[in-house]
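Residue numbers (my numbering): 2 to 309.
All C-beta atoms in this analysis are idealised placements derived from N, C-alpha and C, irrespective of residue type, glycine included.
Below is one structure, written out as structure tokens, with a few remarks after it.
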Amino acid sequence: MTRDELKQKKIGVLLGGVSAEREVSLRTGKAISQALVSSGYNVVEIDAATDLPQQLKDSGVEIAFIALHGRGGEDGTVQGLLETMAIPYTGSGVRASSMAIDKVMTKKILLYHELPTPQYMVFRAGDDIDAFVEKCRHFPLIVKPACEGSTIGMTIADDAAELRIGLIEALKYDRQILVEDFIKGSEATVSVLNGEALPIIEIVPKSGFYDYEAKYTAGATEYILPAPYAPVLYERLQQAAVEACRLTGCTGAVRVDFMVREKDFSCLEINTIPGMTATSLLPKAAAEAGIAFPELVQRILEGAGLDK
């Protein structure tokens, strides 16, 4: 569909929702909506927190721009609903979304295809916490809910006591917890737009830990763009990000996070609906590539479809 044809359609920006990332989703959705309106599109904002199917019917939405983060937005459920209602939507499809949101499943796919990722263990609700902690002999470890984003519920454990606390905290958000080796190095993110890698960003949080506050507080983190890596490593990171998307079937706008140490790197996770707020990384990478925010939003919209 051409842009002129898309401007004849009613675009529903799905935002908010009920996940732990609701506030970020509202900001992402508002930014997308404003960009589309400024470019001449017919837009309606739909908060997915209540009776989404009825809202979609009542509003007459013809294409859905998904701006939902976390559960109910990135996990394939909304994508499945839209497939059932025959409403084309942006981003990855049902299967890719459901796999990528699950950090444990993502790691299994990456390891099977020999893409580097930190070694890990899985703790599940109902497991013996004492026995699990006893098995963990080396520290530090990263503890995070398997299916949450924005570092919600994530902690660093430097010893057994902190691991126990971290597991209890993570269980507030998920029944499956990923515990992986802490990789010392620099954090990098590679955005992939319609199958092509954008410039890499090195992330340097002033607090030393890229947590929720560091992500969404202006000035709390330094972003080095383009990342100052050697050309060979830079290219390998971009290739790995594109390959990770291919292996999981992720399409549209995707962000792949890495830890980089000297000449090596480890893939951490795949984000199928990257943030689009004022501090978000995808818009920064796009801008470095000469893609202004309204243009970025339109390119994502052009990828809307069904049967992904």
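Would you grab the beta carbon distance between residue i and residue j for me? Rounded to a whole angstrom, and I think it's under 8 Å.
i      : j      : result
Ile274 : Gly92  : 6 Å
Thr203 : Ile225 : Correcting the residue identity first, residue 203 is Glu in this sequence and not Thr. Going by Cβ atoms, the distance from Glu203 to Ile225 rounds to 4 Å, so yes, they are a contact pair.
Ile130 : Arg165 : 6 Å
Ser20  : Gly71  : 3 Å
Gly250 : Ile301 : That pair is no contact at about 17 Å.
Val144 : Ala101 : Val144 to Ala101, Cβ: 20 Å. No contact.
Val298 : Val255 : Going by Cβ atoms, the distance from Val298 to Val255 rounds to 15 Å, so no, they are not a contact pair.
Gln56  : Ile47  : 5 Å
Ala87  : Leu307 : 7 Å
Give the DSSP bridge partners of residue i, in chain order.
i      : result
Thr190 : Ile202 and Asp258
Met122 : Val180
Glu46  : Val14
Glu223 : Val205
Tyr174 : Note: Tyr174 sits in no beta bridge, so no partner.
Glu236 : Beta-bridge pairing links Glu236 to no other residue.
Ser267 : Met260
Ile64  : Ile12
Ala158 : Leu142
Gly306 : Tyr90
Considering only residues of the same chain and omitting the five flanking positions on each side of residue i, which have a CB-CB separation below 6 Å?
i      : result
Leu27  : Leu16 and Gly17
Gln120 : Asp182
Gly61  : Lys11
Only counting the same chain, and skipping five residues up and downstream in sequence, which positions put a Cβ closer than 7 Å to that of residue i?
i      : result
Ser98  : Glu75, Asp76, Gly77, Gln80 and Thr273
Val44  : Ile12, Val14, Ser34, Leu37 and Val38
Asp186 : Reading off the sequence shown, one finds Gly at residue 186, where the question assumed Asp. Within the same chain, Gly186 has close Cβ partners Met260, Val261 and Arg262.
Leu116 : Ala241, Glu244, Ala245 and Cys268
Starting from the Cα of residue i, find the closest Cα among the options and give me that residue.
i      : options                           : result
Lys8   : Glu197, Val38 and Tyr121          : Val38
Pro200 : Glu46, Gln239, Gly154 and Asp48   : Gln239
His114 : Phe140, Glu22, Glu188 and Cys246  : Cys246
Thr218 : Glu303, Ser281, Gln55 and Glu84   : Ser281
Ala305 : Glu63, Pro54, Gln56 and Leu234    : Glu63
Arg125 : Tyr90, Lys173, Lys109 and Gly94   : Lys173
Ala290 : Ala198, Glu6 and Gly61            : Ala198
Gly196 : Ile169, Ala241 and Leu53          : Ala241
Asp5   : Leu307, Ala228 and Glu303         : Glu303
Ala189 : Gly30, Ala158 and Ala228          : Ala228
Glu296 : Lys10, Ala32 and Val25            : Ala32
Leu69  : Glu163, Ile110, Val95 and Val25   : Val25
Val243 : Gly167, Pro284 and Cys268         : Cys268
Pro284 : Glu270, Leu142, Val191 and Lys309 : Val191
Leu248 : Ala286, Lys109 and Asp128         : Lys109
Tyr42  : Asp59, Ala65 and Thr29            : Ala65
Asp128 : Ala87, Thr152 and Leu168          : Leu168
Glu149 : Ala287, Glu270, Leu116 and Phe294 : Glu270
Gly30  : Ala293, Gly94, Leu116 and Thr278  : Thr278
Met155 : Tyr211, Gly276 and Thr107         : Tyr211
Note down, in chain order, each residue of its chain lying with its Cβ closer than 8 Å to the Cβ of residue i, except the 5 sequence neighbours on either side.
i      : result
Asp160 : Phe140
Leu112 : Thr118
Ala50  : Gly17, Gly18, Val19 and Arg23
Val123 : Val105, Ala147, Gln177, Ile178, Leu179 and Val180
Leu53  : Leu15, Ile47, Val79 and Leu82
Tyr235 : Ile201, Pro227 and Ala228
Within the chosen definition, does the segment 251-268 reach the segment 134-150 through at least 3 CB pairs nearer than 8 Å?
Contact check between the segment 251-268 and the segment 134-150: fewer than three CB pairs, one atom from each, fall below 8 Å, which does not count as touching.
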